[in-house]
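Q:
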Amino acid sequence: MALLEIKHLKLDFGSGANAARAVDDVSFAIAAGETVCLVGESGCGKSVTAQSIARLVPTPPAVYAGGEILLNGRDVLRMSGKELRQIRGRVVSYIFQEPGASLNPVFRVGNQIKESLKLHQPDRATDAEVVRLLKLVGIPAPEARQRNYPFEMSGGMQQRVMIAMALASAPQLLVADEPTTALDVTIQAQILDLLRDLKQRLGMAILLITHNLGIVGDLADRVAVMYAGQIVELAPARDLLRRPLHPYTRALMNSVPKLRGNLERLSAIPGNVPRTGNFPPGCRFAPRCPVARPECSASEPGLVEVEAGRWVRCPYWNESLK
Ligand SMILES: Nc1ncnc2c1ncn2[C@@H]1O[C@H](COP(=O)(O)OP(=O)(O)OP(=O)(O)O)[C@@H](O)[C@H]1O
Ligand code: SF4
Ligand SMILES: [Mg+2]
Numbered sequence: 003m004a005l006l007e008i009k010h011l012k013l014d015f016g017s018g019a020n021a022a023r024a025v026d027d028v029s030f031a032i033a034a035g036e037t038v039c040l041v042g043e044s045g046c047g048k049s050v051t052a053q054s055i056a057r058l059v060p061t062p063p064a065v066y067a068g069g070e071i072l073l074n075g076r077d078v079l080r081m082s083g084k085e086l087r088q089i090r091g092r093v094v095s096y097i098f099q100e101p102g103a104s105l106n107p108v109f110r111v112g113n114q115i116k117e118s119l120k121l122h123q124p125d126r127a128t129d130a131e132v133v134r135l136l137k138l139v140g141i142p143a144p145e146a147r148q149r150n151y152p153f154e155m156s157g158g159m160q161q162r163v164m165i166a167m168a169l170a171s172a173p174q175l176l177v178a179d180e181p182t183t184a185l186d187v188t189i190q191a192q193i194l195d196l197l198r199d200l201k202q203r204l205g206m207a208i209l210l211i212t213h214n215l216g217i218v219g220d221l222a223d224r225v226a227v228m229y230a231g232q233i234v235e236l237a238p239a240r241d242l243l244r245r246p247l248h249p250y251t252r253a254l255m256n257s258v259p260k261l262r263g264n265l266e267r268l269s270a271i272p273g274n275v276p277r278t279g280n281f282p283p284g285c286r287f288a289p290r291c292p293v294a295r296p297e298c299s300a301s302e303p304g305l306v307e308v309e310a311g312r313w314v315r316c317p318y319w320n321e322s323l324k
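Reminder that position 204 of the sequence shown reads as 206 in my numbering, one-by-one numbering, no gaps.
1) Starting from the Cα of G102, find the closest Cα among M159, R286, A127 and give me that residue.
2) Between C316 and ligand 1, is there a pair consisting of the residue's CB and a ligand heavy atom that are separated by less than 6 Å?
3) Out of Y229, A237, V38, which one is the CA nearest neighbour of G311?
4) Could you give the DSSP three-state label for T212: helix, strand or coil?
5) Could you have a look at C298 and say whether DSSP puts it in helix, strand or coil?
6) Can you find the residues in the same chain that come closer than 6 Å, C-beta to C-beta, to G287, ignoring five residues on each side of it along the sequence?
7) What does Y229 pair with, by DSSP beta-bridge criteria?
8) Report yes if the C-beta distance between I115 and A166 is below 7 Å; otherwise report no.
9) If you reduce the DSSP assignment to three classes, tell me which class D223 lands in.
10) Determine, using beta-carbon pairs with one atom in the segment 301-319 and one in the segment 68-79, whether at least three such pairs fall under 8 Å.
11) Per the DSSP calculation, I2 is bridged to which residue(s)?
12) Which stretch, first to last residue, makes up the beta strand (DSSP E) that contains V111?
13) Using 8 Å as the cut-off, can you tell me whether the segment 60-67 makes contact with the segment 5-25, which would need three or more C-beta pairs spanning the two stretches below that distance?
14) Less than 6 Å separating the Cβ of P101 from some heavy atom of ligand 1?
15) Hey, is the segment 239-246 in contact with the segment 215-227, meaning 3+ C-beta pairs nearer than 8 Å?
16) Considering only C-alpha positions, which residue in the set V133, E235, M255 is nearest to L169?
17) Can you look up L6 in the DSSP assignment and give me helix, strand or coil?
18) Output the distance between the C-alpha atoms of L254 and L72, rounded to the nearest integer angstrom.
19) Out of Q99, S95, L6, E36, which has the shortest C-alpha to C-alpha gap to T182?
20) Cα separation between P144 and K201?
21) Less than 7 Å between the C-beta atoms of P152 and P107, yes or no?
22) With a threshold of 6 Å, establish whether the CB of V293 neighbours any heavy atom of ligand 2.
23) To the nearest angstrom, how far is the alpha carbon of T278 from that of V94?
24) Spatial neighbours of Q232 within its chain, please: CB distance less than 6 Å, with the 5 preceding and 5 following residues excluded, ordered by chain position.
25) Among the residues of its own chain, which have a CB less than 8 Å from the CB of V50, if the five just before and after it don't count?
26) For F30, tell me which candidate among A172, V314, P173, Y318 has the shortest Cα-Cα distance.
27) Note down, in chain order, each residue of its chain lying with its Cβ closer than 7 Å to the Cβ of N320, except the 5 sequence neighbours on either side.
28) Answer with buried or exposed for R90, where buried requires no fewer than 16 other C-beta atoms within 10 angstroms of its C-beta.
29) Can you tell me whether E180 is buried or exposed, with buried defined as 16 or more other CB within 10 angstroms of its CB?
30) By a C-beta neighbour count over all protein chains shown, 10 Å radius and 16 as the cutoff for buried, is C316 buried or exposed?
31) Taking the Cβ atom as the reference point for each residue, do M206 and L176 lie within a distance shorter than 7 Å?
32) Note down the Cα distance separating R290 from A270, rounded to an integer number of angstroms.
33) Anything with a beta carbon under 6 Å from a heavy atom of ligand 1 counts; list them all in chain order.
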């Protein structure tokens with residue numbers, strides 16, 4: 003059994019005539035210890051999909067309109083408030099883009115980690131465990147650093163504290179939503195190295211969300227590419243990076259900013275992601291697709307397994323590779 007299995011998830015914002023579908027029939031799984039990257043431009047539905055795993059999207063305005071989110075076989079969409087509190091932290095834990103915004107400015111970072119331990123692992127809520135976690139996330143001189151307030155730390159160090167707080171609940175799945183986007187490139191690389199190291203040492207599963215295919219590299223086992231609320235390509239990371247099959251994935255590859263160089267884009271994808279509730283007919287990528295043909299706007303392509311383990315939402319992927 004997979005640790006996480008999302009099946010045909012549908013999520014709307016608003017209801018009735020105003021309903022706009024932000025997540026449309028999304029399915030993917032994460033095995034214990036596996037790292038999956040969810041990639042796509044801004045507004046594609048990555049965060050809403052990821053936050054649904056612990057049912058964190060406020061309802062209203064959101065409405066879960068269909069599907070299942072099975073965590074260890076239990077459907078999150080049917081859980082009681084008590085069951086949800088039990089899985090949040092202990093089974094799935096989150097780190098977000100802005101570490102500063104998630105840390106409480108008036109408490110020392112060590113105390114904040116200890117509070118997280120008290121909540122999830124009360125028998126381990128000790129100073130020694132706080133220091134061990136700070137050391138685990140690569141904070142130098144952890145005995146002294148635990149007494150710092152967040153403002154006394156750099157953005158990179160704050161993000162390490164956030165990761166330590168997420169690890170304090172010993173989650174089976176760590177969801178990292180653009181954890182490096184707010185940091186400068188050198189620090190981004192260090193945080194990614196840390197995630198890679200933690201994955202190996204702790205064996206936890208990771209869902210890493212990013213708009214930058216360039217950071218997927220050797221961290222991800224599999225990649226799901228999202229466009230306009232749907233998965234358009236799902237594949238083992240190595241295969242996808244070596245030979246992207248969907249025209250959108252190929253366009254994303256060409257717009258990868260260089261992580262260790264400057265942040266200049268090689269080429270942005272022309273046009274914009276269509277707004278939720280305003281998707282074009284047929285293939286949603288057609289207005290921006292460099293190899294679109296008239297048939298593309300006639301009917302919506304399905305997500306099809308075109309090679310073992312490789313799923314693509316474009317009936318013309320093979321011809322357009324030529
Ligand atoms: N609270 C909300 N009310 C209405 N619509 C929302 C709300 N939150 C998100 N949406 C819509 O859902 C869509 C998906 O949003 P989401 O935040 O998941 O995108 P994303 O892929 O994470 O983008 P980004 O890279 O900018 O973080 C967006 O187009 C947005 O319009
Ligand atoms: S279906 Fe057509 S428009 Fe859509 S990605 Fe494939 S070729 Fe491009
Ligand atoms: Mg997001």
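Where a beta carbon is used, it is the ideal one built from N, C-alpha and C, also for glycine.
A: Result, derived from the coordinates:
1) M159
2) no
3) A237
4) strand
5) helix
6) According to the sequence as given, residue 287 is Phe; it is not Gly. Same-chain partners within the cutoff: Y229, Y250.
7) Q232
8) yes
9) coil
10) no
11) In the structure displayed, the chain extends from 3 to 324; residue 2 sits before or after that span and is not available.
12) Careful: V111 lies outside any beta strand (DSSP E), inside the alpha helix (DSSP H) at 111-122.
13) yes
14) no
15) yes
16) V133
17) strand
18) 30 Å
19) Q99
20) 21 Å
21) yes
22) yes
23) 27 Å
24) D26
25) L13, A24, V25, V59, A64
26) V314
27) none
28) buried
29) buried
30) buried
31) yes
32) 11 Å
33) F15, A24, G42, S44, G45, C46, G47, K48, S49, V50, P63, H213, T278
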